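Here the structure is laid out as C-alpha cells; the discussion comes afterwards.
Numbering (this note's numbering), first residue to last: 5 to 146.
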C-alpha cells in the first residue's frame, strides 16, 4: 500500500507539472501558427514518454514490493535499478501490452456487447441502470 501511495503521488505531481507546462505553452506559443503546433507535439511526445516510463516503474515497483522486502520509495528505486539499460525494451513491451489490451477491449465490445443485438431482438440501446421502482425485494417473475 505504501508503494501505491508513493507512485500515486509521483504520477499526481507529474501531471500537475505537465499541466502547468501546457498552460505555459498555451500562453506563450498557442497563437503562433507554425511554431506553436510543433512545440505542442514535442511536449506531448515528452509527456507520453515520461508517463510510460513512470508506468513501467510503477508496475515493477508493485512486483518488487510483493516479492522482496522493499516498500515505498525503496521499491521505486529498486525498480529503476532493475530496468536501467533495458528502458527501450521495457517501453516497447509495455506499449505492445497496452495495444493488446486495447484490442481485446475493442473485440469484446464489438463481439459481445454489440453482438448481443441479434439475440436481444435487435435491441442496441445503451445500458440503463435499474431503479428501485423497477426491482423490489420479494418480487420475482420466472
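Backbone N, C-alpha and C define an ideal beta-carbon position, used for all residues, glycine too.
Only a predicted model underlies this, so the values are computations on that prediction, with no experimental measurement involved.
Cut-off 7 Å between Cβ atoms - residues of its own chain near residue 84, not counting five sequence neighbours on either side: Position 80 of the chain shown holds residue 84. Once the five neighbours on either side are set aside, the close Cβ partners of residue 84 are 61.
Q) Between the C-alpha atoms of residue 55 and residue 17, what's the straight-line distance to the nearest angstrom? A) Here residue 55 corresponds to residue number 51 of the chain shown, with the count starting at 1. Here residue 17 corresponds to residue number 13 of the chain shown, with the count starting at 1. Each residue's Cα considered, the two are about 12 Å apart.
**Study point:** Whole-angstrom distance between residue 13 and residue 108, CA atom to CA atom
**Key:** The residue labelled residue 108 in the question sits at position 104 within the chain shown. The residue labelled residue 13 in the question sits at position 9 within the chain shown. In a straight line, the C-alpha of residue 108 is about 30 Å away from that of residue 13.
Please return the same chain residues whose Cβ sits closer than 7 Å to the Cβ of residue 68, not counting the five positions on each side in sequence. Taking the first residue of the chain shown as 1, we reach residue 68 at position 64. Taken in chain order, the residues that qualify are 74, 79, 82, 83.
Requested in this report: Please name the residue in 25, 57, 53 whose C-alpha comes closest to that of residue 43.
Outcome: Indexing the chain shown from 1 puts residue 43 at position 39. Among 25, 57, 53, the Cα nearest to that of residue 43 is on 25.
(request) Would you mind sorting residue 35 into buried or exposed? The rule is 16 or more other CB atoms within 10 Å of its CB. (result) Translated into positions along the chain shown, residue 35 becomes position 31. Counting Cβ neighbours within 10 Å, residue 35 comes out exposed, since fewer than 16 surround it.
- Task: Round the Cβ separation of residue 22 and residue 51 to the nearest angstrom and send it over; I've been treating them as touching at under 8 Å.
- Result: Within the chain shown, the letter at position 18 stands for residue 22. Within the chain shown, the letter at position 47 stands for residue 51. That pair is a contact at about 5 Å.
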